Amino acid sequence: MAVLLLVTGCSTDTYVSNENVDKFQDPLVSKFYIRECLSPRPNIQVAVVEHFDFDKSALTATDQQSIDDFIAKIKDKHGQISIVGHTDEQGSNAYNDALSQRRAQAVQTYMQQKMDATNYDWEVKHFGETRPAVKGKTLSAYAQNRRAFIIFEEKQIEKDNPACLPPEPKRKVIIAMTSHFDFDKSNLKPKDIESLDEFASKLKDLKGRLLITGNTDYLGSNEYNQALSERRAQSVIEYLKTKLDENNFLWEESPRGELDLLTQDKSIEGNALNRRAFVIFKEDDLPGSEKGKQEVIK
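Sequential numbering from 1 applies to the sequence shown in UniProt numbering.
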């Protein structure tokens with residue numbers, strides 16, 4: 001309930017000084033990179049660990065080699081690593097959920113022994129038998145469903161991208177959230193329009209960067225949810241452009257799919273909480289060119 005109280009407010013704003021920026025630790029803000037931002041065109045790498053034996057979470061030599069190859073592609077980069085574990089349908093739901101977690105954790109443990117774990121944000125998710133890659137009750141289908149995915153998404157850090165620097169003293173940061181999307185929908189509800197109206201009113205006479213993130217719950221395929229999150233972010237952008245002078249802002253769109261769940265709760269209420277979009281404004285000097293001011297970065 002505390003989370004619900006935190007995220008349903010219309011919008012918030014604060015002034016962040018350099019000496020206090022490390023104290024700005026609201027998880028719903030820091031998660032979206034006030035200090036660290038996604039690459040404008042992020043490098044995304046995906047690997048599949050697909051040789052788990054029945055009822056086992058130990059990595060085979062083949063999968064260890066696949067993970068080693070994956071690590072070699074990202075070892076000099078910074079970013080987020082998401083690891084997602086799965087099982088076949090044999091066994092109870094509770095047992096399979098725990099087994100899928102052990103598989104994901106086995107991948108994480110192996111990777112962290114092979115690389116500098118501090119360069120990455122780690123996210124481990126587990127779905128048990130709920131998201132089979134292959135339908136059917138054959139031995140082949142069961143084997144293909146015993147798997148784990150590894151997804152790396154690169155971020156830029158302060159030394160690589162000046163746009164990711166902390167706000168200058170007394171530069172304003174304003175946040176809003178639209179949290180009333182219906183299942184499988186991207187249209188804005190009246191409550192969200194009210195929130196965005198209040199947000200837009202606070203940006204009067206300001207210039208800077210707008211980061212708009214779209215998010216989904218875990219229901220549906222990764223590809224479908226990625227596209228749905230993009231449509232949600234676009235709905236917010238399209239509405240805000242009717243309320244703001246778009247030339248005063250650098251618009252950054254970051255569809256996140258199901259990568260940043262606020263809660264792992266798979267109830268109706270938990271899924272509803274994960275269907276959302278965030279808008280973060282950071283007061284800043286804009287790039288000099290007119291093209292730069294109007295570009296939407298994806």
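All C-beta atoms in this analysis are idealised placements derived from N, C-alpha and C, irrespective of residue type, glycine included. These figures come from a predicted structure and were not determined experimentally.
Non-local beta-carbon contacts of K75 in its own chain, meaning distances under 6 Å to residues more than five positions away in sequence, involve M115 in chain order.
Taking Q45 as the centre and dropping the five residues before and after it, the same chain places the C-beta of F70, K73, I74 and F152 closer than 7 Å to its C-beta, in chain order. One thing to note: R256 has its Cβ no nearer than 7 Å to the Cβ of M177. In the same chain as K243, and ignoring 5 residues on each side of it, the C-beta atoms closer than 8 Å to its own belong to L196, D197 and A200, in chain order.
Rounded to whole angstroms, the gap between the alpha carbons of Q90 and D55 is 9 Å. Residue pairing from DSSP places D121 in a beta bridge opposite Q80. One alpha carbon belongs to T263, the other to D97, and they sit about 16 Å apart. With respect to the 7 Å criterion, N271 and L261 are not classified as neighbours on the basis of their beta carbons.
E50 is positioned such that its CB atom lies no closer than 7 Å to that of R131. Residue state for A227 is assigned as helix, using DSSP reduced to three classes. With the rule of 3 Cβ pairs closer than 8 Å, the segment 225-233 does not count as touching the segment 121-128. Here G208 is bridged, per DSSP, to F249 and E283.
Where V49 is concerned, the enclosing beta strand (DSSP E) starts and stops at I44 to V49. Residue A104 holds the alpha-carbon nearest to the alpha-carbon of D63 among A104, A94, F249 and E154.
Annotated as proximal: S100 and G128, with beta-carbon spacing under 7 Å. Where F70 is concerned, the enclosing alpha helix (DSSP H) starts and stops at A61 to I74. As the crow flies, the alpha-carbon of D285 is around 32 Å from that of E258. At a Cβ-Cβ threshold of 7 Å, N145 and H78 do not count as neighbours. Check the Cα spacing between F149 and each of Q234, N222 and K266: the tightest is with N222. Note on V134: under 16 other CB atoms within 10 angstroms of its CB, so exposed under the neighbour-count rule. If you look at G270, you'll find it in the alpha helix (DSSP H) that goes I268 to N274.
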